[in-house]
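To start, the structure under review is shown below, and the notes come after it.
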Amino acid sequence: MRHTKKAVVAGVALLTAFTLAGCAGGTGGSGSGNAADPAACAPSEGKVTLDFTSWIPGIEDVAKIWNAENPDIQVKVQTGPNGNSGTYSSFFSQLEAGNAPDLGQIEYDALSSFRVQDGLEDLSACKDVVAAKDKFIPWTWNQVTLGTDGVYGIPQDSGPMALFYRSDLFEKNGIKVPTTWAEYKEAAKEVRKAGGYITNFSTADINQFAGLVWQTGGDWFSNDGDAWKVNLTGDESKTVADYWQDLIKEDLVSTYPAWTEEWNNAYNSGKVWSWNSAVWGANSISSGAPDTSGKWSVAPSPQWNAGDKAAGNWGGSSVAVFKGSKHPYEAAKFALWLNTSDEALSALNKSANIYPATTEGLKLPSLQEGVEFYGGQKIYDVFAEAAAEVNPDFVWGPTMTQTYADVSDGFQKAASGQGTLLEALQSAQTKTVDALKAQSIPVSE
Amino acid sequence: MSLLTRTRGATATDLPSTRGPRESIMSRTAALLIMGVFTLYFLVPIWWLFIASTKDRGQLLTTNALWFADWNLFANIGDLVSYNNGIYFRWLLNSLAYAGLGALLATVFAGMAGYALGKYRFRGREAFFNIVLGGVLVPATALALPLFLLFSQVNLTNTFWSVLLPSIVSPFGVYLARIYASSSVPDELIEAARLDGSGEVRTFFTVSSRLMAPALVTIFLFQFVSIWNNFFLPLIMLRSQDLFPVTYGLYTWNTQLNQIPELRTYVLVGAFLSIVPLIIAFLLLQRFWRNGLGNGSVK
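Chains S and R, in that order, give the protein sequences. When we follow my numbering, the leftmost residue of the first sequence carries the number 10, and every step to the right adds one. When we follow my numbering, the leftmost residue of the second sequence carries the number 30, and every step to the right adds one.
Shown next as structure tokens:
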């Protein structure tokens with residue numbers, strides 16, 4: 010999800026900006042509350058073919074299962090690079106040209122930007138969709154309603170966060186596994202004495218930082234129906250920023266560029282001891298640090314107040330139906346099957362380790378087993394618990410690409426000693442408000 | 030620059046004795062050193078890629094990055110070939126088709142256009158030429174989105190043509206062909222061909238194009254490489270992975286590493302194999318390439 014080359018990202022951002030400039034105007038954040046018209050989700054006559062773009066490896070095999078069972082609704086899968094690495098900009102240009110696919114994979118943090126460009130079909134007109142609401146973990150549903158009465162996608166997966174840690178090293182050095190952030194800092198000092206770093210602070214993964222703010226109960230964006238409110242520097246963000254600023258200042262965390270070989274190596278060689286990351290991080294560690302097999306464990310994320318159970322979320326996607334699709338009913342039907350049926354969820358989990366967004370999905374047999382890399386621990390139990398504790402009120406803004414880039418610029422400087430994390434958030438706050446205004450999206454300050 | 034030029038004279042085997050004093054050992058050593066550093070700089074990444082392609086996933090990170098561990102190259106290639114029904118070779122063939130066909134057509138068009146601009150006098154000739162020259166300045170990336178919208182109008186996005194058609198124009202090729210044609214094709218020869226009853230088109234293909242061969246090969250190589258490396262156009266135009274060129278396909282895999290860690294090996298082996306056609310093209314056409322570049326730069 011994050012293995013991107015800078016230049017490409019910059020280029021893609023440029024192209025996206027082009028497209029955005031092309032179709033902004035008049036469509037900004039229009040209010041909720043339009044009663045959905047059931048006719049907008051009527052079945053089509055005869056045989057239907059749907060185009061579906063997704064970057065999940067092996068998704069074409071899952072679509073084959075559907076195609077075999079549904080001869081009248083055939084799904085053609087097209088793949089591409091993951092969203093921010095190119096597929097989103099393709100979506101935007103296709104929407105502009107009027108030839109977008111029927112369905113597309115969109116991460117939660119990008120849904121808003123498609124919605125303000127009026128690129129998404131509101132699925133609240135589809136009875137089946139509305140009825141399926143209770144199947145999903147409540148906060149994932151909020152990620153696709155975007156705080157309105159509409160439904161702009163079907164939740165696909167989620168990324169509840171927990172603490173991956175080197176149980177062998179913690180034990181060997183007699184360090185207690187931290188349950189609060191205060192203990193985490195104390196542990197960090199001891200780890201540093203033992204010659205390691207407790208974790209790596211990524212200046213590039215702003216959605217990880219957002220996950221930490223999310224856990225703290227903070228909220229970066231809100232929308233009252235008329236205008237967006239940007240709040241990157243609320244109390245919770247300050248708490249998190251100050252905490253990590255301290256760790257960086259006291260040299261208790263490393264700041265390797267994330268997702269590089271150097272970073273992999275730091276974990277593989279036992280230089281870095283823990284990672285507060287999402288459920289899919291289990292895979293990143295096992296692929297990046299193969300030598301440490303059997304030495305990791307997973308515990309719930311450290312808390313701000315002892316005894317709490319708050320969890321953050323990092324990542325997760327939905328399947329959305331694009332405006333202009335001639336078959337929203339069939340598209341919604343397929344999207345629901347893909348993300349709620351046992352057969353699809355187990356296939357997705359098997360082929361690409363997709364962690365489902367439904368409550369039933371968390372009970373998949375493959376998620377009940379011990380994982381060898383983690384010493385046989387049933388790590389998904391920890392994540393299932395975390396998934397239930399994610400704050401449902403966190404909302405993503407419509408300009409996340411820009412916000413991420415600006416925060417990341419500031420974080421990189423802070424990591425090298427210029428400025429602080431909080432200052433980075435403050436400057437990104439201003440720039441985000443400017444960016445919203447530049448796209449004629451109403452902002453209240 | 031001057032350092033390098035001097036060295037070339039100094040190391041040539043047929044150095045004429047009348048050329049004056051030989052250069053000092055110092056400057057020769059310095060030049061060799063600089064060249065050595067640059068050679069290393071360019072070759073080390075390729076060497077790394079080769080070494081990485083021979084390792085399995087576990088050894089990739091844990092063994093010396095610049096030396097062999099267990100020899101797994103063929104196993105890796107086998108995995109790459111079988112992954113996803115051998116889609117990789119499909120991508121490689123696509124790339125060859127886009128770059129080979131595109132470069133061939135681009136060379137023909139640029140050669141004809143440059144020849145016409147260089148050898149015929151007609152109204153608006155300079156205006157045409159300047160407009161074409163202006164095209165050199167427009168980066169391909171900036172054109173990708175407008176092209177997408179144009180192709181959408183005629184329902185050609187996500188087709189073979191959507192990548193091929195934009196690739197067959199080469200403003201730089203027109204420029205090079207004109208410069209080269211005006212200096213290397215004598216007017217007398219064209220005149221003679223006319224007297225012998227040859228039409229203009231026939232003259233171009235049978236006589237002039239032979240004389241322009243070094244320039245044409247240069248144009249072909251330039252265009253081949255630029256199509257092979259063109260990334261944005263496929264990114265914007267294509268959706269079906271059956272149509273992807275190899276660069277875009279590998280990039281797609283690279284963004285999916287997190288879900289399927291094995292892809293890391295495939296991306297490395299795939300990248301290594303994908304430079305082989307380029308190396309072959311260069312080795313075969315190198316002689317012309319050097320001639321062409323030299324000529325273009327002097328005239």
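The beta carbon of each residue, even a glycine, is placed where N, CA and C say it ideally should be. Because the structure is a prediction, the values reported are computed rather than measured.
*asked:* Check whether the segment 215-224 of chain R and the segment 122-134 of chain R are in contact - that is, three or more C-beta pairs closer than 8 Å.
replied: Too few Cβ pairs lie closer than 8 Å, so no.
*asked:* If I follow the unbroken beta strand (DSSP E) through Lys85 of chain S, where does it start and stop?
replied: Here residue 85 of chain S is taken as the residue at index 76 of the first sequence, counted from 1. That run of the beta strand (DSSP E) goes 82-87.
*asked:* I need the DSSP call for Val404 of chain S, collapsed to helix, strand or coil.
replied: Taking the first residue of the first sequence as 1, we reach residue 404 of chain S at position 395. Residue state, collapsed to three classes: coil.
*Could you say which of S:Tyr97, S:Ser102, S:Asp127, S:Ser122 lies nearest to Gly113 of chain S if we only look at CA atoms?*
Reading the first sequence from its first residue, position 104 is the one you call residue 113 of chain S. Selected option, being the one with the closest Cα: S:Tyr97.
*Start-to-end residues for the alpha helix (DSSP H) that takes in Leu325 of chain S*: As a working mapping, residue 325 of chain S is identified with position 316 in the first sequence. A quick correction: the sequence has Gly, not Leu, at residue 325 of chain S. Annotation for Gly325 of chain S: no alpha helix (DSSP H) segment contains it, and DSSP assigns it neither H nor E.
*From Leu428 of chain S to Ser286 of chain S, what distance separates their C-alpha atoms?*
To locate residue 428 of chain S, count along the first sequence from 1; it is residue 419. To locate residue 286 of chain S, count along the first sequence from 1; it is residue 277. Reading the sequence as shown, one finds Gly at residue 428 of chain S and not Leu. Cα to Cα, Gly428 of chain S sits roughly 26 Å from Ser286 of chain S.
*State buried or exposed for Lys440 of chain S, treating a residue as buried only when at least 16 other CB atoms are found within 10 Å of its CB.*
Taking the first sequence and counting its residues from 1, the one referred to as residue 440 of chain S is at position 431. Taking every protein chain shown into account, the CB of Lys440 of chain S has 16 or more other CB atoms within 10 angstroms, so this residue is buried.
*Which residues does DSSP pair with Tyr174 of chain S in a beta bridge?*
Indexing the first sequence from 1 puts residue 174 of chain S at position 165. S:Ser283, S:Ser306, per the DSSP bridge assignment.
_When you compare the segment 324-333 of chain S with the segment 113-131 of chain S, are there three or more beta-carbon pairs, one atom per stretch, that lie closer than 8 Å?_
Because the criterion of three Cβ pairs below 8 Å is met, the segment 324-333 of chain S and the segment 113-131 of chain S touch.
*Tell me whether Gly37 of chain S sits in a helix, a strand or coil according to DSSP, three-state version.*
On the first sequence, residue 37 of chain S is found 28 positions in, with the first residue counted as 1. Because the pLDDT of Gly37 of chain S is 37, which lies under 50, any placement of that residue in the model is unreliable, and the number read from its coordinates should be weighed accordingly. Here Gly37 of chain S sits in coil by DSSP.
*When the Cα of Asn400 of chain S is compared with those of S:Tyr276, S:Asp60, S:Phe123, S:Gly220, which residue comes out closest?*
In the first sequence, the residue the question calls residue 400 of chain S occupies position 391. Per the Cα distances, S:Gly220.
*Please report the residue range of the beta strand (DSSP E) in which Ser269 of chain R lies.*
Within the second sequence, the letter at position 240 stands for residue 269 of chain R. The continuous stretches of beta strand (DSSP E) do not include Ser269 of chain R, and DSSP gives it neither H nor E.
_Please give me, in chain order, every unbroken run of the alpha helix (DSSP H) with length at least 4 that falls completely inside the segment 350-411 of chain S._
Within the segment 350-411 of chain S, the complete alpha helix (DSSP H) runs of at least 4 residues are 351-361, 388-397.
*asked:* Is there a Cβ of chain S sitting closer than 9 Å to that of Phe177 of chain R, yes or no?
replied: On the second sequence, position 148 is the one that residue 177 of chain R refers to. Using beta-carbon distances, Phe177 of chain R counts as an interface residue toward chain S, with a partner under 9 Å.
*With Trp253 of chain S and Phe210 of chain S assumed to form a contact (beta carbons below 8 Å), what rounded beta-carbon distance in angstroms separates them?*
Here residue 253 of chain S refers to the residue found at position 244 of the first sequence. Here residue 210 of chain S refers to the residue found at position 201 of the first sequence. Right, the Cβ-Cβ distance comes to about 6 Å (below 8 Å), so this counts as a contact.
*Assess, as a yes-or-no matter, whether the segment 151-166 of chain S is touched by the segment 269-278 of chain S under the definition of 3 or more beta carbon pairs within less than 8 Å.*
Taking a cut-off of 8 Å for Cβ pairs, the segment 269-278 of chain S and the segment 151-166 of chain S do not touch, as fewer than three such pairs fall below it.
*Where do the N-terminal and C-terminal ends of the beta strand (DSSP E) with Gln288 of chain R fall, by residue?*
Along the second sequence, read from residue 1 onward, the residue named residue 288 of chain R stands at position 259. Counting along the chain, Gln288 of chain R falls outside any beta strand (DSSP E), and DSSP gives it neither H nor E.
*Do you know how far the Cα of Val236 of chain R is from the Cα of Tyr209 of chain R?*
Mapped onto the second sequence, residue 209 of chain R falls at position 180. Mapped onto the second sequence, residue 236 of chain R falls at position 207. If I take the Cα positions, the gap works out to 14 Å.
*Considering only C-alpha positions, which residue in the set S:Thr189, S:Ile215, S:Ala213, S:Ile184 is nearest to Lys202 of chain S?*
The residue you call residue 202 of chain S lines up with position 193 of the first sequence. Per the C-alpha coordinates, the member of S:Thr189, S:Ile215, S:Ala213, S:Ile184 positioned closest to Lys202 of chain S is S:Ile184.
*Helix, strand or coil: which one does DSSP assign to Gly140 of chain R?*
Indexing the second sequence from 1 puts residue 140 of chain R at position 111. Gly140 of chain R carries a helical assignment under DSSP once its states are collapsed to helix, strand and coil.
*Since Glu164 of chain S sits in a beta bridge, which residues does DSSP pair it with?*
Here residue 164 of chain S refers to the residue found at position 155 when the first sequence is read from its first residue. The sequence given here has Pro at residue 164 of chain S, not Glu. Answer is S:Ser327.
*Roughly how many whole angstroms lie between the Cα atoms of Pro337 of chain S and Asp46 of chain S?*
Position 328 of the first sequence, counting from 1, holds the residue named residue 337 of chain S. Position 37 of the first sequence, counting from 1, holds the residue named residue 46 of chain S. Roughly 12 Å between the two C-alpha positions.
*Since Asp233 of chain S is in the alpha helix (DSSP H), which residue starts that stretch and which ends it?*
The residue labelled residue 233 of chain S in the question sits at position 224 within the first sequence. Counting along the chain, Asp233 of chain S falls outside any alpha helix (DSSP H), and DSSP gives it neither H nor E.
_Of the residues S:Asp111, S:Lys73, S:Trp64, S:Leu104, the one placed nearest Asn91 of chain S, counting alpha carbons only_ = One-based indexing of the first sequence puts residue 91 of chain S at position 82. Nearest option by C-alpha distance: S:Trp64.
_Whether Ala139 of chain R touches Ser212 of chain R by CB criterion (9 Å)_ = Locating residue 139 of chain R in the second sequence gives position 110, where the first residue counts as 1. Locating residue 212 of chain R in the second sequence gives position 183, where the first residue counts as 1. Against a cut-off of 9 Å, the Cβ pair of Ser212 of chain R and Ala139 of chain R comes out as no contact.
*Within the same chain, show all residues whose beta-carbon is closer than 8 Å to that of Gly55 of chain S, passing over the 5 residues directly before and after it, in chain order.*
For the purposes of this step, residue 55 of chain S is identified with residue 46 of the first sequence, where counting begins at 1. Excluding residues within five positions, the ones whose Cβ falls inside 8 Å are Asp81.
*Cut-off 7 Å between Cβ atoms - residues of its own chain near Pro164 of chain S, not counting five sequence neighbours on either side*: Taking the first sequence and counting its residues from 1, the one referred to as residue 164 of chain S is at position 155. Around Pro164 of chain S: Phe145, Thr149, Trp150, Gln152, Val153, Ser327, Asn348, Ala366.
_I want to see whether chain S comes within less than 9 Å of Pro290 of chain R, judged by CB atoms only; does it?_
Here the question's residue 290 of chain R lines up with position 261 in the second sequence. It does: the Cβ of Pro290 of chain R has a partner Cβ on chain S nearer than 9 Å.
*Span of the beta strand (DSSP E) around Gly113 of chain S*: Start at 1 with the first residue of the first sequence, and residue 113 of chain S comes out as number 104. Unbroken beta strand (DSSP E) run through Gly113 of chain S: 112-116.
*So, helix, strand or coil for Leu129 of chain S, using DSSP?*
Indexing the first sequence from 1 puts residue 129 of chain S at position 120. It is a strand residue.
*Between the segment 379-386 of chain S and the segment 299-306 of chain S, do three or more beta carbon pairs fall short of 8 Å?*
Contact between the segment 379-386 of chain S and the segment 299-306 of chain S is established, with three or more Cβ pairs separated by less than 8 Å.
*asked:* If I follow the unbroken beta strand (DSSP E) through Val57 of chain S, where does it start and stop?
replied: If you number the first sequence from 1, residue 57 of chain S lands on position 48. Here the beta strand (DSSP E) through Val57 of chain S covers 57-62.
_Cross-chain neighbours of Trp289 of chain S in chain R, by beta carbon under 9 Å_ = Residue 289 of chain S sits at position 280 when you count from the first residue of the first sequence. Per Cβ cutoff of 9 Å: Asn287, Gln288.
_CB contact below 9 Å: Asp118 of chain S versus chain R_ = Translated into the one-based positions of the first sequence, residue 118 of chain S becomes position 109. For Asp118 of chain S, the answer is no, since every Cβ of chain R falls outside 9 Å of its Cβ.
*Run down chain R in chain order and give the residues with a C-beta less than 8 Å from the C-beta of Glu105 of chain S.*
Here residue 105 of chain S corresponds to residue number 96 of the first sequence, with the count starting at 1. Residues of chain R with a Cβ closer than 8 Å to the Cβ of Glu105 of chain S are, in chain order, Leu178.
*Out of curiosity, what's the CA-to-CA distance linking Asn113 of chain R and Ala140 of chain S?*
What you label residue 113 of chain R is simply residue 84 of the second sequence in a count that begins at 1. What you label residue 140 of chain S is simply residue 131 of the first sequence in a count that begins at 1. If I take the Cα positions, the gap works out to 36 Å.
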